[in-house]
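Numbering of the sequence shown is given in this note's numbering, commencing with residue 1313 and proceeding in unit increments. Virtual Cβ for every residue (Gly too), placed ideally from N, Cα, C. Structure record follows, encoded as structure tokens.
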Amino acid sequence: MPDPVVVLIEDEPQIRRFLRATLTGQGYRLFEATTGADGLVEVGSRQPDVVIVDLGLPDVDGIDVIRRLREWTAVPIIVLSARGQERDKVTALDAGADDYVSKPFGASELLARIRVALRHTAGASHEADDATFTIGELRMDLLRRQVFVGDREVRLTPIEYKLLATLVRHAGKVVTH
């Protein structure tokens, strides 16, 4: 398996430097974004194995980033935030985060939580061996949320993707709304 890809959405330079050294030193491929908007682009283009997101971003609240990500990806999301109140944690988890680490944090704990997220993803991929469907030139990877016609990737809106995924999952059956 290639090195796991992590997208870090964090605006604090010292945290980014620390995590860059920690994660790359452990064999992770790290891509960084300092704003929520840039983070969404990075996740879309890099298709990471894990996303780490801060809640206090300069352009948008991290909760909104989590909600936007959950519209189109199931990638594990770990929140790394100075907000340590229970309601903040519950809000982030309910928005779609998979885990929550409060600042200050230890590198060992964060690395362990990343490993757990990767284990869960690996387990899900074993369950989803049939997550790739091919019909003629059309190929749909439900795990990575990608659609191809021939060798060309097709970009779909979230509604188009959901509709196609529903039809593919129920191929040969009548589907009602």
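Looking at the secondary structure, which residues open and close the alpha helix (DSSP H) in which Arg1380 lies? Indexing the sequence shown from 1 puts residue 1380 at position 68. Start and end: Gly1374 to Arg1382.
For the beta strand (DSSP E) that contains Thr1558, what are its first and last residues? Nothing about residue 1558 can be read from this structure; the chain reaches only from 1313 to 1489.
Measure the alpha-carbon distance for Ile1349 versus Val1318 and round it to whole angstroms. Taking the sequence shown and counting its residues from 1, the one referred to as residue 1349 is at position 37. Taking the sequence shown and counting its residues from 1, the one referred to as residue 1318 is at position 6. Note that residue 1349 corresponds to Ala in the displayed sequence, not to Ile. Distance between the alpha carbons of Ala1349 and Val1318: 17 Å.
Can you list, in chain order, the residues of its chain with a C-beta nearer than 6 Å to that of Ser1393? Leave out the 5 residues immediately preceding and following it. The residue given as residue 1393 occupies position 81 in the sequence shown. These residues qualify, in order along the chain: Asp1366 and Leu1367.
Comparing alpha-carbon positions, which option in Glu1322, Gln1326, Thr1346 and Val1362 lies nearest Val1428? On the sequence shown, residue 1428 is found 116 positions in, with the first residue counted as 1. Out of Glu1322, Gln1326, Thr1346 and Val1362, Val1362 has the C-alpha closest to the C-alpha of Val1428.
Quick one: what's got a C-beta closer than 8 Å to Arg1425's C-beta in the same chain, skipping five residues either side? Position 113 of the sequence shown, counting from 1, holds the residue named residue 1425. Contacts found: Ile1390, Asp1411 and Val1413.
For Gly1484 and Thr1347, the rounded distance between their alpha carbons: Within the sequence shown, numbered from 1, the residue matching residue 1347 stands at position 35. Within the sequence shown, numbered from 1, the residue matching residue 1484 stands at position 172. The alpha-carbon atoms of Thr1347 and Gly1484 are separated by roughly 44 Å.
Where the beta strand (DSSP E) containing Tyr1340 begins and where it ends: In the sequence shown, counting from the first residue as 1, residue 1340 sits at position 28. Premise fails: Tyr1340 is in no beta strand (DSSP E) and is neither H nor E.
Given that a residue counts as buried once 16 or more other Cβ atoms are within 10 Å of its Cβ, and exposed if not, what is Pro1416? What you label residue 1416 is simply residue 104 of the sequence shown in a count that begins at 1. With fewer than 16 other Cβ atoms inside 10 Å of its own Cβ, Pro1416 counts as exposed.
Return the CA-CA distance between Arg1481 and Ala1333, expressed in angstroms with no decimal places. The count along the sequence shown starts at 1 and reaches residue 1481 at position 169. The count along the sequence shown starts at 1 and reaches residue 1333 at position 21. So the two alpha carbons sit approximately 42 Å from each other.
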